[in-house]
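**Q**
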Amino acid sequence: PDLSPRHPWRAQTAMCHAARAALLALALTRALGATRGQLLAGRHARGAPQRHDEHLGALAEDVAAKYRPQYARLKITSGDEVETLWQRPLGPIRGTVFAAHGCNHQATDYFAHTGHDGFVLEACTRARHSCLALPEEVRMRRVARARGYLFVAVTSKDRRSRCWGPEDVHRVQEALAHVRKQENATQLPLIAFGGSSGGYFVGELALAFPSPGLEGLSCLVPQVSAIAEQAVMEVSPKVRILFVGMSNAQ
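In this text, residue positions in the sequence shown follow our numbering: the first is 3, and each later residue adds one.
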């Protein structure tokens, strides 16, 4: 962006996005069991996470296809269609990271129309809000995959406010059950991450544990949002919770 004095708001916006991206990546890294130092060491040793997809160009197309982003409008038992996107890591799957977007957003925010290796996610042209590839969301996906986790994002049902509601719990459960079964990750750890409305929602989702789709739920990461912490702990005392607040929150 133009960071000249004529456009100070652009500089502030750019810094805000950079700070939020760093915060999200650090929070997710902590949830995945690594310190910031380990992440940085891994970046130098294996290449930065944001360049993770470039390795796909060296693989045969039939092999690379299973590692590329996947898009589906899953038909669930209620008759609804659930917009679901996911991507597995290049190596063995260690677990699943589910990311719940905030209000005025959707699952496609975490993905790009065109990858580093030139791959085009054609479904982006059919998605209602296209694939925005927001910097902090994309960074989250790449950090998760670089750590060996299957990344899954689902779009909320309410497309007016684009926030989450109680009716989304069973929708996400069924979407997660489908993806985790397809990727042979059902019995592996599940981490649920959400920002704002998504932070509230992962708390609601945890209250449905241990329903199908939520097997192995081990960690919640609600960002700038409160959840029914005590209720969650009563349902599953082994679920760890990492709260990520705003720096000036009281």
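Backbone N, C-alpha and C fix where the C-beta goes; we use that ideal spot for every residue, glycine too. Predicted model, so just to flag it, every value in this text is computed and none were measured.
So what's P137 in DSSP terms, helix, strand or just coil?
**A** Of the three classes helix, strand and coil, the one that applies to P137 here is helix, per DSSP.
**Q** Buried or exposed: which applies to N81, given that a residue is buried once 16 or more other Cβ atoms fall within 10 Å of its Cβ?
**A** According to the sequence displayed, residue 81 carries Gly and not Asn. So G81 counts as exposed.
**Q** Is there contact here, the stretch 222-239 with the stretch 185-201, by at least three beta-carbon pairs under 8 Å?
**A** Judged by Cβ distances under 8 Å, the stretch 222-239 makes contact with the stretch 185-201, as three or more pairs qualify.
**Q** Would you list the residues sitting across from R242 in a DSSP beta bridge?
**A** Partner(s): C221.
**Q** Around the C-beta of D170, are 16 or more other C-beta atoms found within 10 angstroms, so that it is buried, or is it exposed?
**A** So D170 ends up on the buried side.
**Q** For D64, count neighbouring Cβ atoms within 10 angstroms of its own Cβ and tell me buried if that reaches 16, exposed if not.
**A** Exposed is the call here.
**Q** Between which two residues does the beta strand (DSSP E) carrying Q184 extend?
**A** Where Q184 is concerned, there is no enclosing beta strand (DSSP E), although the alpha helix (DSSP H) it sits in stretches over D170 to Q184.
**Q** Within the continuous beta strand (DSSP E) that includes Y73, where are the two ends?
**A** Run containing Y73: Q72 to K77, per the beta strand (DSSP E) assignment.
**Q** Can you have a look at L42 and say buried or exposed, based on whether 16 or more other CB atoms are within 10 angstroms of its CB?
**A** Because the pLDDT of L42 is 40, which lies under 50, any placement of that residue in the model is unreliable, and the question is left without a value.
**Q** Let me check understanding here. Comparing Cα to Cα, which of F100, G104, V140 and V99 lies closest to H118?
**A** Per the Cα distances, V140.
**Q** Report yes if the C-beta distance between L192 and L219 is below 9 Å; otherwise report no.
**A** A contact, by the Cβ cut-off of 9 Å.
**Q** Unbroken beta strand (DSSP E) runs of length 3 or more, entirely within the stretch 91-120: which are they?
**A** Runs found: 97-102.
**Q** For Q189 and G215, which I take to be in contact (beta-carbon distance under 8 Å), what is that distance rounded to the nearest angstrom?
**A** Contact flag wrong, Cβ pair sits at about 12 Å.
**Q** How would you write the range of the alpha helix (DSSP H) that E85 sits in, first residue to last?
**A** That residue, E85, is in no alpha helix (DSSP H); its beta strand (DSSP E) goes E83 to Q89.
**Q** Do you know whose CA, among R242, R182 and F153, lies nearest P91's CA?
**A** Selected option, being the one with the closest Cα: F153.
**Q** So, with DSSP's three-state summary, where would you put V156?
**A** Strand at V156.
**Q** Would DSSP call G200 helix, strand or coil?
**A** Of the three classes helix, strand and coil, the one that applies to G200 here is helix, per DSSP.
**Q** Which of the three DSSP states is assigned to L207 in this structure?
**A** In the structure shown, L207 sits in a helix (DSSP, three-state: H, G or I).
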